[in-house]
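**Student:** Mind looking over this structure? Questions follow.
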Amino acid sequence: MLENSKGANGVVQIDGDKWREQRRFALHTLRDFGVGRPLMEQKIMLEVEALVDFLGKESRNGQEKVELNAPIANCVGNIINNMLFSCRFKQGDLKMTKLHHLLDRQSQIVMKSIMGAYITCPWTTKIPVLNSKWLELMDIKRQLCAFLAEQIAEHREKWDIIREEQAEVEDLTYAYMKEVERRMRSGEDVGFFDDLQLQMLLLDLFFAGMETTVTTLKWAFLLVAKNPSIQKRVQEELDQLGEISQISLAEKTRLPLTQATINEIQRIANILPFNLLRTVGISTKIDGFSFEKGDLIIPQVSILMNDPEIFDEPHIFNPDRFLDENYNVKKIEEFLPFSIGRRQCLGESLAKAELFLVFANLLKNFEIRVEDTVSMERVLGLTVSPPVYKCELRRRIL
Ligand code: HEM
């Protein structure tokens, strides 16, 4: 959707052989550091613990209302940054706040109607005044790229030592450098691997991995605060686990209502009502409409999640719709928050682990309340967010 500064790079906006190769690399690498592995879960849990501690202090047991956006963004940002380039920021760190702000602003700008002109008639990006949003977007990209270039430079400096010591690589940036060397040493084609591509791949993963998960969690806590009876039922389910200090992924199967509630949050939040701009690969006809090779389209897979024939009274927040008669989580084919097909979300398993661990552990620790006046309006950006809200967080007696 967004044109990169020097041609198409990254993974979200490219296609063909380059997309296949780079997506495969990213998927394999994320799987290698994967959420299935205890080390990664431990890393996520460190961030969740830091979030719970921070919110406990900030809220002074419900005496101070807390705005969740920045602390959640810090937690989720640390999880993805850790995977991408082993970098983390303390809660409240100004650099993280700035990065989060840049991502938010980027998400708003790309939805401006003028973007259509920039994409279809690129010469409009050169017309003074008309190009103001384009210039702002490029400036944001420059700042984000400068941050990523710093991370890559630090990795390059340490790479020789890591290679010599044959130390295990623990982030995607080192894995990328290792892959390039492996290919060169074995005489294999280096393919589309290069430094600019690495930077843009990091940018795509950072943006896609952060924006979506943070937005979903913002909705999650607002929806349970607005539906206290559901919040209470989830907390009762969590309490049945007994005296454990943290809820881990191993507990997931014992928490059907918690899982159903997260599904319902994703369904009703429907944070990506439009999928990304895609190009038709092969001319085809669907329902009498012709789609020619090269046409630009914006699929709307998420429309299914609001279809009253599939989800009865779709505007009502009702986690029970995801439970069957035996109180097991029901698989509903049309529930597709991560899309479907070859362009399906690349970070789905990471996102699911994050949503579960953050949601379950926060609800285990806090009762969340908001004033009745807090709005549930849908604010359109690249993802749909709730308006900024403050909530009361009361420590639960465990
Ligand atoms: C709740 C969290 C998330 C949601 C709801 C979500 C949703 C989606 C959806 C619907 C798409 C498909 C867009 C299309 O139709 O083209 C997508 C693509 C993508 N997602 Fe996610 N995502 C989430 C988290 C993540 C995370 C944590 C990462 C990073 C590790 C990530 C990385 C990506 C990438 C790179 C793509 C583009 C894939 C490609 O074009 O081949 N997402 N995501």
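48 is the number that the working numbering gives to position 61 of the sequence shown; each next residue is one higher, with no gaps. Note that the Cβ used here is the ideal one computed from N, Cα and C, for glycine as well. The model shown is predicted, which means the values in this text are computed figures rather than measured ones.
Residue ranges of each alpha helix (DSSP H) run of no fewer than 4 residues wholly in the stretch 157 to 243, ordered along the chain?
**Tutor:** Taking only runs of at least 4 residues, the alpha helix (DSSP H) segments lying wholly in the stretch 157 to 243 are 159 to 173, 182 to 213 and 215 to 226.
**Student:** Going by beta carbon distance, what residues of the same chain come within less than 8 Å of V375, once the five residues before and after it are set aside?
**Tutor:** The residue you call residue 375 lines up with position 388 of the sequence shown. If we look at V375 and ignore the five residues flanking it on each side, its Cβ neighbours are E54 and N56.
**Student:** Closer than 7 Å to a non-hydrogen atom of ligand 1 - does that hold for the CB of G103?
**Tutor:** The residue given as residue 103 occupies position 116 in the sequence shown. No; taking the cut-off as 7 Å, the Cβ of G103 has no heavy atom of ligand 1 nearer than that.
**Student:** Look at the alpha carbon of L283 and the alpha carbon of C332, and state the distance between them as a whole number of angstroms.
**Tutor:** Here the question's residue 283 lines up with position 296 in the sequence shown. Here the question's residue 332 lines up with position 345 in the sequence shown. Roughly 20 Å between the two C-alpha positions.
**Student:** For ligand 1, is there any heavy atom lying closer than 7 Å to the beta carbon of N305?
**Tutor:** One-based indexing of the sequence shown puts residue 305 at position 318. The answer is no for N305.
**Student:** Check whether the stretch 186 to 194 and the stretch 135 to 144 touch, using three or more Cβ-Cβ pairs below 8 Å as the test.
**Tutor:** The stretch 186 to 194, when compared against the stretch 135 to 144, does touch it at the 8 Å Cβ threshold.
**Student:** For G79 and N348, I'd like the C-alpha separation in whole angstroms.
**Tutor:** Along the sequence shown, read from residue 1 onward, the residue named residue 79 stands at position 92. Along the sequence shown, read from residue 1 onward, the residue named residue 348 stands at position 361. G79 and N348: Cα-Cα distance of roughly 20 Å.
**Student:** Just verifying my parser: in three-state terms, what is the DSSP assignment at R24?
**Tutor:** Position 37 of the sequence shown, counting from 1, holds the residue named residue 24. R24: coil per DSSP, three-state reduction.
**Student:** If S73 sits next to D147, beta carbons under 8 Å apart, how far is it from one beta carbon to the other, in whole angstroms?
**Tutor:** Taking the sequence shown and counting its residues from 1, the one referred to as residue 73 is at position 86. Taking the sequence shown and counting its residues from 1, the one referred to as residue 147 is at position 160. With 8 Å as the limit, S73 and D147 do not qualify as a contact, their Cβ atoms being about 17 Å apart.
**Student:** Who are the Cβ neighbours of P243 in its own chain at under 7 Å, not counting the five residues just before and after it?
**Tutor:** The sequence position of residue 243 within the sequence shown is 256, counting from 1. Closer than 7 Å at Cβ, skipping near neighbours: L310, Y314, N315 and V316.
**Student:** Starting from R382 and walking both ways along the beta strand (DSSP E), at which residues does that stretch end?
**Tutor:** The residue you call residue 382 lines up with position 395 of the sequence shown. Segment K377 to R382, the beta strand (DSSP E) holding R382.
**Student:** Applying the 10 Å Cβ sphere with the 16-neighbour rule, what's the burial state of F276?
**Tutor:** Within the sequence shown, numbered from 1, the residue matching residue 276 stands at position 289. Exposed is the call here.
**Student:** Within a Cβ cutoff of 6 Å, which residues of the same chain sit near F353, ignoring the five residues on either side of it in sequence?
**Tutor:** Indexing the sequence shown from 1 puts residue 353 at position 366. Around F353: L380.
**Student:** From Y105 to E300, what distance separates their C-alpha atoms?
**Tutor:** Counted from its first residue, the sequence shown places residue 105 at position 118. Counted from its first residue, the sequence shown places residue 300 at position 313. Their Cα atoms are separated by approximately 39 Å.
**Student:** Would you decide whether N68 is buried or exposed? Buried here means 16 or more other CB atoms lie within 10 Å of its CB.
**Tutor:** If you number the sequence shown from 1, residue 68 lands on position 81. So N68 ends up on the buried side.
**Student:** Should L367 be listed as close to ligand 1, given that the test is whether its C-beta is under 7 Å from any heavy atom?
**Tutor:** The sequence position of residue 367 within the sequence shown is 380, counting from 1. Checking the Cβ of L367 against ligand 1 gives no.
**Student:** Which same chain residues end up closer than 7 Å to S372 when comparing Cβ atoms and leaving out the 5 residues on each side of it in sequence?
**Tutor:** The count along the sequence shown starts at 1 and reaches residue 372 at position 385. Contacts found: T202, K205 and V366.
**Student:** Determine the direct distance from the alpha carbon of T200 to that of V63, and round the result to whole angstroms.
**Tutor:** Translated into positions along the sequence shown, residue 63 becomes position 76. Translated into positions along the sequence shown, residue 200 becomes position 213. Taking the straight line joining both Cα atoms gives about 7 Å.
**Student:** For a test of your reading of the model: does the CB of I234 fall under 7 Å from any non-hydrogen atom of ligand 2? Yes or no.
**Tutor:** In the structure shown, ligand 2 is absent; the only ligands present are ligand 1.
**Student:** State the Cα-Cα distance for the pair T245 and S235, rounded to the nearest angstrom.
**Tutor:** For the purposes of this step, residue 245 is taken as the residue at position 258 of the sequence shown. For the purposes of this step, residue 235 is taken as the residue at position 248 of the sequence shown. If I take the Cα positions, the gap works out to 13 Å.
**Student:** Buried or exposed: which applies to F343, given that a residue is buried once 16 or more other Cβ atoms fall within 10 Å of its Cβ?
**Tutor:** Locating residue 343 in the sequence shown gives position 356, where the first residue counts as 1. Counting Cβ neighbours within 10 Å, F343 comes out buried, since at least 16 surround it.
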